[in-house]
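Residue numbers (our numbering): 594 to 835. Each residue gets a CB set at the ideal place from its N, CA and C atoms; glycine is no exception. Working notes, structure below.
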Amino acid sequence: GSPTRHGDLKMPPPEGQKKASSDGCSLASRSTPDLPLNQEQVFDDRRAQEVIHGRLIRGHVVEDDFNSPAVSTAGNSLQEEDPMTMSHASSFFVPEGQVLGGGGDPAASSDEEDNAFQDTKAEHMITLVGNVRNRTVFIVDDMIDKPGSWIAAAETVVKKGGAKKVFCIATHGVFGADCLEQLQRCECIDTILVTNSFPINQDRARNINKLVVLDLSFLLSEAIRRNHYGESISPLFQHTGD
């Protein structure tokens with residue numbers, strides 16, 4: 594089926610995509626040639642310039658001169674647990690009812706950092722590695738449950754990195770509580786792209802013009818048919834131009 598568009602989705606031109614991907618934003622892709630031990634190595638600040646730090650207070654990026662709250666997570670240290678004790682305790686853990694392939698309750702499985710972002714007395718640091726200035730950024734994860742980490746990442750690449758557009762992309766759109774509404778209100782997020790693997794209330798979705806839902810029905814049904822008849826499912830994941 595065709596994607597359900599709840600807003601005007603404008604994808605960047607193909608040439609722009611090719612240029613961005615060819616430039617690359619990963620520091621790991623750039624290697625320094627091995628030099629003899631007796632040859633002096635010359636270092637530049639290119640790598641340092643591509644590492645940007647942002648301050649997060651209550652889940653939002655703030656200016657560097659913003660007054661710090663009473664507590665900063667940068668200086669906090671967790672009490673180190675005894676490995677044997679932790680191993681013994683973990684053997685008694687039995688997960689409760691599971692869904693989505695054994696992932697547990699999706700409505701209650703969000704990252705702890707999302708709750709920590711809302712702490713008014715704590716300050717967090719977020720790091721952006723790579724040059725995203727004037728580029729389109731894809732933020733990708735397996736599911737969207739709570740908005741904290743998504744909003745923080747989007748604000749960082751836009752306000753600190755100078756990105757021109759942000760697409761939040763996930764397979765499962767769980768959207769717990771008012772997650773969808775908060776993502777809609779975030780000025781740094783342009784598009785929210787998910788599949789219909791998880792039911793989304795249609796009345797709720799109509800009010801979100803940033804939301805785009807891709808239909809999985811054909812993909813799943815064809816995968817089941819091919820598997821039943823012993824056919825390869827690899828062609829289903831091969832992209833071909835229209």
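Counting the other CB atoms within 10 Å of its CB gives glutamate 748 a total of 16 or more, which places it among the buried residues. Relative to cysteine 781, the option among Gly769, Val759, His765 whose CA is nearest is Val759. Counting C-beta atoms within 10 angstroms of its own C-beta, isoleucine 817 has fewer than 16 neighbours from the protein chains shown and is therefore classed as exposed. Taking C-beta separations shorter than 7 Å and ignoring five residues to either side along the sequence, the partners of cysteine 779 in its chain run Ile744, Ala747, following chain order. About 5 Å separates the CB atoms of valine 805 and leucine 786; that is less than 8 Å, so the two are in contact.
Here threonine 720 is exposed: its Cβ has fewer than 16 other Cβ atoms, across all protein chains shown, within 10 Å. Counting every other CB atom within 10 Å of its CB across the protein chains shown gives phenylalanine 791 a total of 16 or more, marking it as buried. Taking all protein chains in view, the Cβ of phenylalanine 768 is crowded by 16 or more other Cβ atoms within 10 Å, so the residue is classified as buried. Judged by beta-carbon spacing, arginine 799 lies beyond the 8 Å limit of leucine 773, meaning their Cβ atoms are not closer than that value. The beta carbon of isoleucine 732 sits closer than 6 Å to those of Ala746, Cys761, all from its chain and outside the five residues before and after it, given in chain order. A Cβ-Cβ separation of about 17 Å leaves aspartate 783 out of contact with lysine 753 under the 8 Å criterion.
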